[in-house]
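Inspection log for the structure reproduced underneath, given as structure tokens.
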Amino acid sequence: MAEEMRIVLRNYGKIDPLKIDDYLAQGGYKSLEKARAMNTADLIAEVKKSNLRGRGGAGFNCGMKWSFAAGAQAEQKYVICNADEGEPGTYKDRLIMENDPHTLIEGMAICAYAIGATQGYIYLRGEYPFLVSTLNTAINQAKEKGLVKDFDIEVRSGAGAYVCGEETALIESIEGKRGEPRFKPPYPPSEGLWSKPTIVNNVETFANIPVIIEKGADWYAGIGNPAYPGTKVFTLTGDINNRTFFEVPTSTTIREIVFQFGGGIPGGKKFKAVQIGGTSGAFIPEALLDTPVAFDSMSAIGATLGSGATFVIDESRDIVDVATRIAGFFEHESCGKCAPCREGTARTAELMEKINEGRGSNKDVALLEKLGTVMSYSCLCGLGQAAPAPVLTTIKHFKADYEAKFV
Amino acid sequence: MVNLTIDGIKVSVPEGSTILQAASEVGIKIPTLCFHPDQSIKANCRVCVCEVEGNRLLQAACAMPVFEGMVVKTRTPKVLEARKTILELILSNHPQDCLNCIRNGNCELQDLAQEYCIRENPFEYKVRGFAKDFSTPALFRDQDKCILCRRCIEACSVVQSVNALGLEGRGYNSMVVPTLGKALIDSPCVMCGQCIHACPVGAIGEREQIDEFLAAVANPDKVVITQIAPAVRVAIAEEIGMMTGEMPMGTFVQGLRQIGFDYVLHTNFSADLTILEEGNELLKRLKEGGTLPMFTSCSPGWINFCETFYPDLLDNLSTCKSPQQMFGALAKTYWAEKMGIDPSKIYSVSIMPCVAKKFEAARPEMNDSGYQDVDLVLTTREIGRLFRMSGLDFSKLPASDFDSWMGKYTGAAVIFGASGGVMEAALRTVYEVVTGKTLEDVNFAATRGITGIKEAAVDLDGTVVKVAIANGLANARKLMEQVRAGESPYHFIEIMACPGGCIGGGGQPITKANVKRVERIEAIYAEDEGLPLRKSHDNPEVKTLYEEFLHEPLGHKSHELLHTHYHPKNKKFL
Amino acid sequence: MDYKEIIARYDGKVGGIIEAYHALLREFSYLPEEAIAEAARVFKLSTAEAYGIATFYSMFSVEARGKNVVRICESAPCHVAGAADVVAALERELGIKMGESTADGKFALEFTECVGQCQATPVITINGKPYLDVSPAQIPAIIAEYK
Numbered sequence: 297m298a299e300e301m302r303i304v305l306r307n308y309g310k311i312d313p314l315k316i317d318d319y320l321a322q323g324g325y326k327s328l329e330k331a332r333a334m335n336t337a338d339l340i341a342e343v344k345k346s347n348l349r350g351r352g353g354a355g356f357n358c359g360m361k362w363s364f365a366a367g368a369q370a371e372q373k374y375v376i377c378n379a380d381e382g383e384p385g386t387y388k389d390r391l392i393m394e395n396d397p398h399t400l401i402e403g404m405a406i407c408a409y410a411i412g413a414t415q416g417y418i419y420l421r422g423e424y425p426f427l428v429s430t431l432n433t434a435i436n437q438a439k440e441k442g443l444v445k446d447f448d449i450e451v452r453s454g455a456g457a458y459v460c461g462e463e464t465a466l467i468e469s470i471e472g473k474r475g476e477p478r479f480k481p482p483y484p485p486s487e488g489l490w491s492k493p494t495i496v497n498n499v500e501t502f503a504n505i506p507v508i509i510e511k512g513a514d515w516y517a518g519i520g521n522p523a524y525p526g527t528k529v530f531t532l533t534g535d536i537n538n539r540t541f542f543e544v545p546t547s548t549t550i551r552e553i554v555f556q557f558g559g560g561i562p563g564g565k566k567f568k569a570v571q572i573g574g575t576s577g578a579f580i581p582e583a584l585l586d587t588p589v590a591f592d593s594m595s596a597i598g599a600t601l602g603s604g605a606t607f608v609i610d611e612s613r614d615i616v617d618v619a620t621r622i623a624g625f626f627e628h629e630s631c632g633k634c635a636p637c638r639e640g641t642a643r644t645a646e647l648m649e650k651i652n653e654g655r656g657s658n659k660d661v662a663l664l665e666k667l668g669t670v671m672s673y674s675c676l677c678g679l680g681q682a683a684p685a686p687v688l689t690t691i692k693h694f695k696a697d698y699e700a701k702f703v
Numbered sequence: 013m014v015n016l017t018i019d020g021i022k023v024s025v026p027e028g029s030t031i032l033q034a035a036s037e038v039g040i041k042i043p044t045l046c047f048h049p050d051q052s053i054k055a056n057c058r059v060c061v062c063e064v065e066g067n068r069l070l071q072a073a074c075a076m077p078v079f080e081g082m083v084v085k086t087r088t089p090k091v092l093e094a095r096k097t098i099l100e101l102i103l104s105n106h107p108q109d110c111l112n113c114i115r116n117g118n119c120e121l122q123d124l125a126q127e128y129c130i131r132e133n134p135f136e137y138k139v140r141g142f143a144k145d146f147s148t149p150a151l152f153r154d155q156d157k158c159i160l161c162r163r164c165i166e167a168c169s170v171v172q173s174v175n176a177l178g179l180e181g182r183g184y185n186s187m188v189v190p191t192l193g194k195a196l197i198d199s200p201c202v203m204c205g206q207c208i209h210a211c212p213v214g215a216i217g218e219r220e221q222i223d224e225f226l227a228a229v230a231n232p233d234k235v236v237i238t239q240i241a242p243a244v245r246v247a248i249a250e251e252i253g254m255m256t257g258e259m260p261m262g263t264f265v266q267g268l269r270q271i272g273f274d275y276v277l278h279t280n281f282s283a284d285l286t287i288l289e290e291g292n293e294l295l296k297r298l299k300e301g302g303t304l305p306m307f308t309s310c311s312p313g314w315i316n317f318c319e320t321f322y323p324d325l326l327d328n329l330s331t332c333k334s335p336q337q338m339f340g341a342l343a344k345t346y347w348a349e350k351m352g353i354d355p356s357k358i359y360s361v362s363i364m365p366c367v368a369k370k371f372e373a374a375r376p377e378m379n380d381s382g383y384q385d386v387d388l389v390l391t392t393r394e395i396g397r398l399f400r401m402s403g404l405d406f407s408k409l410p411a412s413d414f415d416s417w418m419g420k421y422t423g424a425a426v427i428f429g430a431s432g433g434v435m436e437a438a439l440r441t442v443y444e445v446v447t448g449k450t451l452e453d454v455n456f457a458a459t460r461g462i463t464g465i466k467e468a469a470v471d472l473d474g475t476v477v478k479v480a481i482a483n484g485l486a487n488a489r490k491l492m493e494q495v496r497a498g499e500s501p502y503h504f505i506e507i508m509a510c511p512g513g514c515i516g517g518g519g520q521p522i523t524k525a526n527v528k529r530v531e532r533i534e535a536i537y538a539e540d541e542g543l544p545l546r547k548s549h550d551n552p553e554v555k556t557l558y559e560e561f562l563h564e565p566l567g568h569k570s571h572e573l574l575h576t577h578y579h580p581k582n583k584k585f586l
Numbered sequence: 331m332d333y334k335e336i337i338a339r340y341d342g343k344v345g346g347i348i349e350a351y352h353a354l355l356r357e358f359s360y361l362p363e364e365a366i367a368e369a370a371r372v373f374k375l376s377t378a379e380a381y382g383i384a385t386f387y388s389m390f391s392v393e394a395r396g397k398n399v400v401r402i403c404e405s406a407p408c409h410v411a412g413a414a415d416v417v418a419a420l421e422r423e424l425g426i427k428m429g430e431s432t433a434d435g436k437f438a439l440e441f442t443e444c445v446g447q448c449q450a451t452p453v454i455t456i457n458g459k460p461y462l463d464v465s466p467a468q469i470p471a472i473i474a475e476y477k
């Protein structure tokens with residue numbers, strides 16, 4: 297039996313998020329103190345050694361990212377927390393911020409010390425306006441207690457744009473512009489917010505930092521899958537008995553998530569597919585359920601861990617209809633800057649609608665495959681590159697469902 | 013230097029170069045659409061994508077910097093399929109009316125469709141359905157043709173600082189629109205037309221008036237006359253497959269007669285005239301403590317800009333009309349009299365490198381002759397179309413002279429076409445008027461070139477006159493801010509709305525790079541150098557005009573016909 | 331509060347136009363032209379740029395709309411949980427179609443993509459406040475709170 301292991305959610309339900317003393321009583325801010333006593337090179341080496349990889353979806357080694365920013369020469373650097381959490385099916389970052397905002401602040405402060413930044417931003421999605429005061433209360437409490445010296449954090453709101461979860465689009469949004477991604481290179485650790493060295497990390501990534509500093513890189517690296525160690529929060533939705541969240545080691549398999557933690561499919565129905573990582577994730581059929589959820593093992597089956605959203609659908613669902621709705625999502629959320637995404641997401645939605653409404657043919661499926669493939673390596677940013685995945689994977693694993701709808 | 017391999021060919025380029033730059037060093041032309049050599053890198057069309065070994069994603073050649081040992085492949089099957097698909101996507105959303113389009117034959121998207129052999133499009137043809145915007149008399153916008161490359165926005169906001177264009181919406185619904193989504197005429201647009209040059213396709217163009225011209229020619233009651241701006245001759249050659257500057261003036265005049273003009277005269281005549289009027293106006297302000305610095309007023313895009321953004325500084329503008337409008341007023345008074353032609357029958361056409369001139373000619377106050385002074389403005393591009401329509405072989409046409417009374421000009425008039433030319437022409441005359449001496453070397457090198465802001469201090473026998481010259485409106489804005497703050501050190505400022513001056517005007521052959529503007533500038537100064545008369549006050553026809561008609565610069569007749577006033581535009585949203 | 335006063339509170343905040351727009355929305359429910367132009371002036375942008383920002387983000391509107399913005403999530407998890415039935419109930423209760431505003435100016439009805447409450451689908455929000463596990467039967471009572 298796989299077991300939950302709460303690292304980022306260690307204080308969930310145990311503390312009052314609006315009381316900093318509760319956090320302190322749990323050992324909060326001791327890691328920041330410990331970090332500040334280390335020299336920054338050692339601190340970064342420790343984070344790197346833990347092999348903590350980004351929890352927002354890109355999975356880049358956190359310590360390595362910090363080292364780029366630390367090495368850059370600039371009179372101002374920034375730490376940004378990506379709290380945009382736009383991936384449908386995902387609410388893990390909301391859980392962390394709602395219940396333990398200080399773990400985020402502490403993680404950001406450790407990063408700021410490591411890279412030499414004095415200013416931080418939390419980019420909070422516009423759909424979480426109720427968290428603005430929670431975060432500001434926590435920030436002010438930490439300031440008042442003198443715990444976050446030389447590091448100011450400001451909360452900035454998003455305004456309803458999924459693309460702002462992409463780090464450079466997020467940066468553009470904080471700069472007060474349209475949230476359109478920038479081409480890379482240059483990468484944010486060398487040129488980010490207002491062209492200064494910037495670290496953008498996900499809420500869940502930062503929430504791990506205090507524990508890594510407290511218990512050591514080796515401890516962390518030993519949890520779960522060695523190439524992608526630690527835990528991951530999964531939020532379950534769709535046709536699942538336990539429509540809730542779990543934090544499990546990365547060696548857990550998809551089957552364990554769905555059938556053990558998720559409690560299986562309601563109404564005794566059969567499992568059809570699960571989409572992991574959010575709405576840009578692959579649809580995974582029954583045959584591949586014994587895959588561990590770590591980044592690289594998912595990659596090997598043509599899937600992504602992404603945000604850890606787990607969207608289950610049962611045998612009674614029209615998967616083409618679901619994929620059509622998702623195609624509509626991407627058409628709505630494309631920023632419009634690059635041609636293959638702007639036009640490609642619209643065409644994908646149009647073709648899916650055609651097939652879904654019973655007017656499609658094999659030719660349309662072939663075109664969707666070609667279009668999706670081209671988009672996956674030509675688009676300017678991750679949104680356009682990942683958008684075709686739901687369509688491509690449902691075509692691959694559930695071709696019969698498409699054919700059943702042909703004219 | 014960085015060493016890399018492109019399509020198996022080794023190349024060495026400086027650090028910081030892009031794949032696109034490196035490829036052009038070894039003769040590999042990677043196709044582009046949103047890329048513009050004089051603008052920031054956009055990387056949004058993705059047409060220039062290439063394979064870079066070690067990377068699953070294709071990289072945009074225009075943006076990707078090279079690294080040591082990089083291995084690039086620009087035409088693998090994966091790349092070709094990607095480019096073709098991207099073009100198909102853009103084309104399936106693009107009006108299929110090449111045959112009727114103003115950029116037929118000169119369109120970057122059309123070129124790519126040809127190069128990539130797009131015969132059939134797998135995507136359903138679907139146009140967005142915007143209404144075309146014909147709200148200004150100078151240019152039109154056709155949003156359905158927009159491919160969202162954003163080059164026009166950069167031209168309007170960065171190069172011109174007018175900011176009349178921006179984006180609206182997101183994703184498939186995004187579009188380039190005038191301010192607040194209004195009609196162009198209600199935006200700050202000054203009609204300079206630089207957006208036309210920036211646009212790779214036919215989404216923006218001039219208000220074509222060829223039909224009006226042909227109707228006038230066909231009308232037996234009309235005497236159709238023309239004036240040609242100095243910037244036109246050097247560029248018209250480009251419209252008909254010749255090299256910049258290669259069209260001899262005499263052949264050009266013959267060509268104009270062939271397409272239907274009854275009389276061919278020259279704006280250069282009135283440019284010389286402008287110098288007499290404006291030079292004296294400057295001297296008057298200097299002597300009598302008039303409003304300084306004085307700004308030139310021959311660029312209607314600049315006048316629109318001043319009326320829109322700096323209405324508090326309208327008194328600084330010279331009251332002289334532009335050469336086009338001075339000509340217009342005189343053609344239906346002085347010239348009509350000299351020629352014994354009924355002015356009501358004269359249809360006065362000007363050929364301009366400019367689209368804002370279409371607006372200028374239609375200004376209600378430009379009727380001092382008793383009629384609309386200039387009836388029609390045709391751009392260099394429209395004349396090019398008329399020449400091509402007429403099937404003329406310019407290598408064989410015999411030369412022809414200009415007609416009398418308003419057709420002679422000096423080199424000082426010719427240089428009006430380039431940034432700094434009006435200033436240099438003015439200095440050539442003002443020097444001699446103030447010092448009473450002959451100017452031996454007429455060349456004022458400090459005024460020349462494409463540099464955005466130039467300045468010079470000219471010693472007129474003890475009186476030092478400080479001058480500045482700006483081309484491109486963002487540069488003009490810098491000087492204007494200085495004037496507004498009361499900190500301008502200059503006495504006289506020449507401003508041309510278009511980068512490089514009129515040779516880069518909105519009506520010129522589609523100008524894809526600043527190097528072309530530089531070429532045209534060189535042709536202008538070469539023309540000036542080859543002329544026997546190079547000072548405006550030496551123009552014999554201008555002398556006759558004063559002797560017989562105007563009597564003196566800034567005199568009563570001049571004020572009646574050759575001077576004007578300006579009005580704040582009061583645009584609500586800037 | 332006057333739109334100029336609202337915007338002035340964000341003067342000096344670098345990149346603060348989006349915060350200013352949110353504040354304007356709390357007061358006016360949409361972004362009037364004059365407010366966009368004033369925001370442009372304060373943040374040293376052109377009106378064209380300020381308009382481009384206003385029209386990029388889903389939460390902003392440049393057209394007047396009902397005071398209480400009712401949004402229903404249409405992302406895949408809510409879609410399979412029966413969002414379509416809630417849409418029908420909303421349209422019935424308010425007497426308008428998706429994308430419209432009521433004639434008395436009290437309500438605007440819009441789609442939204444995921445609002446991060448996927449443990450309790452279907453979800454609606456009213457003025458940003460989430461309502462969870464919404465069934466068509468609950469709609470009249472929820473709407474009544476705002477009438």
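Protein chains in written order, with this note's numbering: chain A, 297 to 703; chain B, 13 to 586; chain C, 331 to 477. C-beta: ideal position from N, C-alpha, C; glycine also.
Does DSSP put residue 537/B in a helix, in a strand, or in coil? helix
Return the bridge partner residues of residue 575/B from the DSSP annotation. 332/B
Expected contact under 8 Å - CB spacing of residue 486/B and residue 171/B to nearest Å: 6 Å
Can you tell me whether residue 427/B is helix, strand or coil according to DSSP? helix
In its own chain, which residues sit with a C-beta less than 7 Å from the C-beta of residue 501/B, not counting the 5 before and 5 after it? 478
Quick one, which of 488/A, 547/A and 593/A has its alpha-carbon nearest residue 374/A's? 488/A
May I ask you to report which of helix, strand or coil DSSP gives residue 239/B? strand
Just reading off the beta strand (DSSP E) that residue 506/A is part of, what are its end residues? Run containing residue 506/A: none in the beta strand (DSSP E); it sits in the alpha helix (DSSP H), 499-511.
Residue from 651/A, 324/A and 473/A whose Cα sits closest to the Cα of residue 405/A: 324/A
Shorter than 8 Å from the beta carbon of residue 349/C to some beta carbon of chain A? yes
Neighbourhood of residue 122/B by C-beta, 7 Å cutoff - its chain only, sequence neighbours within 5 removed: 110
Counting beta carbon pairs with one atom in the region 493-508 of chain B and one in the region 407-414 of chain B, are three or more of them shorter than 8 Å? no
Decide if the region 387-402 of chain A is in contact with the region 496-506 of chain A; the criterion is three or more beta carbon pairs, one per stretch, under 8 Å apart. yes
What do you get for residue 436/A, buried or exposed, if any count of 16 or more other CB atoms within 10 angstroms of its CB means buried? exposed
Please check the pair residue 580/A and residue 561/A, which I expect to be a contact at CB under 8 Å, by giving their CB distance rounded to whole angstroms. Actually they are not in contact, since the Cβ atoms of residue 580/A and residue 561/A sit about 15 Å apart, beyond 8 Å.
Beta-carbon proximity list for residue 413/C, same chain, < 7 Å, skipping 5 on both sides: 402, 403, 404 and 452
Can you find a C-beta in chain A that's less than 8 Å from the C-beta of residue 105/B? yes
Determine, using beta carbons only, whether residue 578/A comes closer than 8 Å to chain C. no
Could you name the residues of chain A that residue 169/B contacts, counting a contact when the two beta carbons are closer than 7 Å? Under the 7 Å cutoff, chain A gives no residues; its nearest Cβ is about 13 Å from residue 169/B.
Any C-beta of chain B under 8 Å from that of residue 373/C: no
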